[in-house]
Every structure is written in structure tokens, then in C-alpha cells.
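Report on the structure given below.
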Amino acid sequence: MDELTDLSTLSIGCSLAEYRCLLLDESNDGKIISTSDTNSIGQIYLAGAGLFKCYYNNPELTSTTRVIIDNEEYFKTGDLARYNAKRELEYTGRIDSQIKVDDQLVETADIERKIIACCPNEISSCLVVKLSQEEDLLVAYIISDNSQLDTESIRNYCKDRLRKCMVPSYFVVLNKFPLDTNGQV
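Position 145 (the sequence shown) corresponds to 145 in UniProt numbering; numbering is contiguous.
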């Protein structure tokens with residue numbers, strides 16, 4: 001049970017014998033990451049007989065998620081991982097929740113978890129977004145019933161536990177996320 005206490009690293013094991021799995025460092029011209037490299041994070045690419053052929057009625061999506069590597073077709077999963085010392089994959093997040101701040105890749109889910117951990121009884125949810133592509137400013141939208149939530153304490157908590165580029169510039173407390181007509185944030 002002790003192995004489950006640190007959820008910051010989640011081993012997802014190795015690929016099955018009849019499948020191939022690669023980690024590609026897309027910030028380094030798509031370089032394949034060696035299983036002995038435990039420091040680099042890359043996107044998981046899968047190949048094998050059980051791989052689906054296409055997205056139904058969506059050739060555009062199919063073409064963006066299927067690539068040829070060494071004469072074999074691979075599927076880009078959108079999942080990020082790194083190799084651990086046992087050469088197993090450790091899940092680190094999704095590529096679509098990564099943003100670039102001060103020329104560093106930042107996983108917004110890491111920031112959101114820290115903010116919620118600061119006041120778990122007062123914060124029910126959190127969403128961190130980049131203000132604009134031109135500016136490296138992060139905004140944390142916090143869902144709480146406490147409209148007087150001390151955002152300065154949350155900022156200091158984040159400063160003590162996160163890299164400088166990961167600390168949001170603004171904290172906005174809401175009682176619920178505004179939804180569009182489709183019920184999405």
C-alpha cells in the first residue's frame with residue numbers, strides 16, 4: 001500500500017510483446033527517447049496489430065494522429081510519459097494540458113493539484129489557463145463557496161512549492177464555472 005501514496009508518479013508498465021511503444025521528444029525534433037533516459041518526457045506512440053485503422057468518418061483526425069516511423073504506422077496517444085529505472089513507463093499527463101511559459105513546458109494539472117491541496121476543504125475545483133499566447137501570464141480560476149478565500153495565501157503556498165513560471169499571476173474565485181450553451185466551461 002505504501003507504493004500508492006505517491007501519486008505524482010504512476011507506472012503504466014511496458015507494452016505487450018506484440019505491440020511497440022515509443023516515447024518521442026517533440027521539443028527535440030521528434031527524437032526517440034531511450035529506455036535508459038529517465039529524465040526526458042515524451043509523447044507515447046503505439047504500433048501493433050490491434051491498433052485501430054481510422055477514426056470513423058473523420059479522416060482529418062486520423063491523419064493528425066497516425067504517423068510513419070521506421071516504415072511502421074504509429075498512433076500518437078496524446079499521453080506524456082517518461083521511463084523509470086525499471087524501464088517502465090511513468091504517466092506524467094496529457095499533451096493538451098501542457099502550455100509554454102517563459103520558454104518552459106508547464107503541466108497545468110500540476111498547478112491545479114497544488115492549489116487544491118492548499119485548501120482542500122474550501123476549494124472544490126481549479127482551472128489554470130494562460131491569459132494569452134503573447135503574454136506569459138497564468139490565471140487560476142478557483143471554485144469555492146468561500147468568496148473571501150485568501151488568494152494571497154494560496155499564491156504564497158504556490159511560490160513555496162512550484163517553479164516561478166508555474167505560479168499564477170492572477171487568482172479568480174468563483175462559486176461555479178461559467179458554462180456555454182453546450183454545458184462546457
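Each residue gets a CB set at the ideal place from its N, CA and C atoms; glycine is no exception.
Output yes or no for whether 8 Å exceeds the beta carbon distance between residue 55 and residue 77. no
Quick check: residue 173 and residue 144, are their CB atoms within less than 8 Å of each other? yes
Just list the residues that DSSP pairs residue 75 with in beta bridges. 46 and 66
Might you give, ordered along the chain, the residues of its own chain that have their beta carbon closer than 6 Å to the beta carbon of residue 51, omitting 5 neighbours on each side? 75
Which class does residue 157 belong to by DSSP, given the choice of helix, strand or coil? helix
Can you give me the start and stop residues for the beta strand (DSSP E) that residue 112 sits inside? Element bounds for residue 112: not the beta strand (DSSP E) but the alpha helix (DSSP H), 108-118.
Within 10 angstroms of its Cβ, does residue 168 collect 16 or more other Cβ (buried), or is it exposed? buried
Give every residue of the same chain whose Cβ lies closer than 7 Å to the Cβ of residue 115, excluding the five residues on either side of it in the sequence, and list them in chain order. 123, 126, 140, 142, 154 and 158
Any idea what DSSP makes of residue 132, helix, strand or coil? coil
Could you give the first and the last residue of the continuous beta strand (DSSP E) run that contains residue 90? 89-94
Keeping to the same chain, check which residues put their C-beta closer than 7 Å to that of residue 94; ignore five residues upstream and five downstream. 78, 79 and 80
Which stretch, first to last residue, makes up the beta strand (DSSP E) that contains residue 148? Careful: residue 148 lies outside any beta strand (DSSP E) and carries neither H nor E.
What do you get for residue 108, buried or exposed, if any count of 16 or more other CB atoms within 10 angstroms of its CB means buried? buried
Unbroken beta strand (DSSP E) run spanning residue 21, endpoints: 19-25
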